[in-house]
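Following: one structure in structure tokens, then a few remarks.
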Amino acid sequence: MVSTVLHCFVFILFSLTVRVKSQFCHRISQYNRCSPNSACACFHIAGAIDTGICVDEFVDCSELVTCEHSNNVCSEPNHRCVHHPRCHNLPVCYPISSFNQQLCSSTATMNTTTTTTIPVTTTINTQQLTTRPIMIAPNLLLNPGAEERSIAGWRQTGPATAIVDSNGAFNSNYYPHSGSYCFAGGKGVDGSSSGLVQNVKLLGGIQDFTESQLDTRSFMAELHFYYQTWDSFFMRHDQVEVSLTFRSASSSILNIVTTGELACKTSNPGWCRYMKGFPTPRGTRSIDYSIKFIRRDVVGTTIDSYVDDNSLRII
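Quick note on the working numbering: the sequence shown kicks off at 8 and runs consecutively.
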């Protein structure tokens, strides 16, 4: 009976690996680093011992719901039941992105000769670790957080003019997410917007992709940034929208993806985080990374939205 339960548990773990392409972390403490990517941490699986999933650790607690108490199951697709005591004293359903395996790549290759220990069984772990170097995809953006004290590397897209803000100069107590500077919306009339765009070359760029690679291999564009929007009880939030435009060798548009219009309402002042992966169309030679600051308030002239720590990685 114990053997049957054990094999069923192993089968379930294997099935999870296939469906969501997640990395398991064995004998790593809760929240400890499990990947060369510092944004990833080990979250222990509910019902398992010393076994977790290596995932992005910056999901807002307000977005998480508890697992079904009887069997630690999550009804939402691509969610797994894990322990997250910083957010809840009960196991929660944690989202596992479709590109999690690339994002949270393993620090080691594990050859297991026995099963992982679970309650009601006793096993002996004889795991062997074979380390291998893993290259972390670089951020392809220049001046991603305005730390050049200017919009160097970016081009204004108007009609209003985006600005560089520092130390709450634009709005009191609204500071950069990191460093000393960030991008902000500037000033514009009701309904107008400001914007910045940067064209990122893939062919012969930082990662030195070849035409053959870009035409035949499947890549994921990881979009990641922080945003905040000024809050007043009597006024509407201004908004932020970031989009990626994939271009061919002739600069024709292959695809456009967008975050949609975003307003950070979880804390004011305070930053919200956005992170998502998008398939890169084959034949892509460059990507336009576009930031749009959108005015929604009807009083005054300022576009009170901010973006900082932009990142575009190809994985």
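Beta carbons are placed, not taken as given, at the ideal position from N, Cα and C, and that holds for glycine.
Treat the numbers as computed from the prediction; the structure is a model and nothing was measured.
Query - Rounded straight-line distance, which links the Cα of V314 to that of S153 - result: Here the sequence assigns Ala to residue 153, which means Ser is not the residue at that position. The alpha-carbon of A153 is positioned some 10 Å away from that of V314.
Query raised in the report: Tell me which same chain residues have a C-beta within less than 7 Å of the C-beta of C68, skipping the five on either side of it?
Result: Apart from the 5 residues on each side of it in sequence, C68 sits with its Cβ closer than 7 Å to the Cβ of C94 in its chain, given in chain order.
Query raised in the report: By how many angstroms is the C-alpha of C32 removed from the C-alpha of A115?
Result: The pLDDT assigned to A115 is 46, lower than 50, so where the model puts this residue is not dependable, and the model offers no usable value.
Query raised in the report: With burial defined as no fewer than 16 other Cβ atoms inside 10 Å of the residue's Cβ, what is the status of G175: buried or exposed?
Result: Classification for G175: exposed.
Requested in this report: Run through the segment 38-87 for me and flag every whole beta strand (DSSP E) of 3 or more residues, listed as ranges in chain order.
Outcome: Along the segment 38-87, the beta strand (DSSP E) occurs as fully enclosed runs of 3 or more residues at 47-51, 58-63, listed in sequence order.
**Report entry** Touch test, the segment 211-222 against the segment 298-313, Cβ-Cβ under 8 Å, three pairs minimum
**Finding:** Output reads no: the segment 298-313 does not touch the segment 211-222.
**Report entry** Where the alpha helix (DSSP H) containing E218 begins and where it ends
**Finding:** Residue range 218-223 is occupied by the alpha helix (DSSP H) that includes E218.
Query raised in the report: What's the gap between the Cα of A46 and the Cα of E218?
Result: When the Cα atoms are used, A46 and E218 turn out to be separated by approximately 31 Å.
Query raised in the report: Secondary structure at L110, three-state DSSP: helix, strand or coil?
Result: Correct three-state label for L110: helix.
Query raised in the report: Could you give the residue range of the beta strand (DSSP E) that holds A169?
Result: Segment 168-172, the beta strand (DSSP E) holding A169.
Query raised in the report: Looking at the unbroken beta strand (DSSP E) that takes in S293, where does it start and where does it end?
Result: S293 -> beta strand (DSSP E) spans 293-301.
Query raised in the report: DSSP three-state call for T121: helix, strand or coil?
Result: In this prediction, T121 has a pLDDT of 33, which is less than 50 and means its spatial position is unreliable; nothing more can be read from the coordinates.
Query raised in the report: Taking the alpha-carbon positions, what's the W237 to N78 distance?
Result: Answer to the nearest angstrom: the Cα atoms are 42 Å apart.
Query - Nearest candidate by alpha-carbon position, reference L319, set P102, C189, K194, D295 - result: Ranking P102, C189, K194, D295 by Cα distance to L319 puts D295 first.
Report task. Please list, in chain order, all residues of the same chain as M282 whose beta carbon is under 6 Å from its beta carbon, the five residues on each side excluded. Result -> Only H231 meet the Cβ criterion.
**Report entry** Three-state secondary structure (DSSP) of A176
**Finding:** Secondary structure at A176: coil, using DSSP grouped into helix, strand and coil.
Requested in this report: May I ask you to report which of helix, strand or coil DSSP gives E248?
Outcome: Judged by DSSP in its simplified three-state form, E248 adopts strand.
Query - Neighbour-count burial assignment, E229, 16 or more Cβ in a 10 Å radius - result: With 16 or more Cβ atoms within 10 Å of its Cβ, E229 is classed as buried.
Query raised in the report: Quick one: what's got a C-beta closer than 7 Å to R292's C-beta in the same chain, skipping five residues either side?
Result: Once the five neighbours on either side are set aside, the close Cβ partners of R292 are L209, L210, L221, R254, S255, A256.
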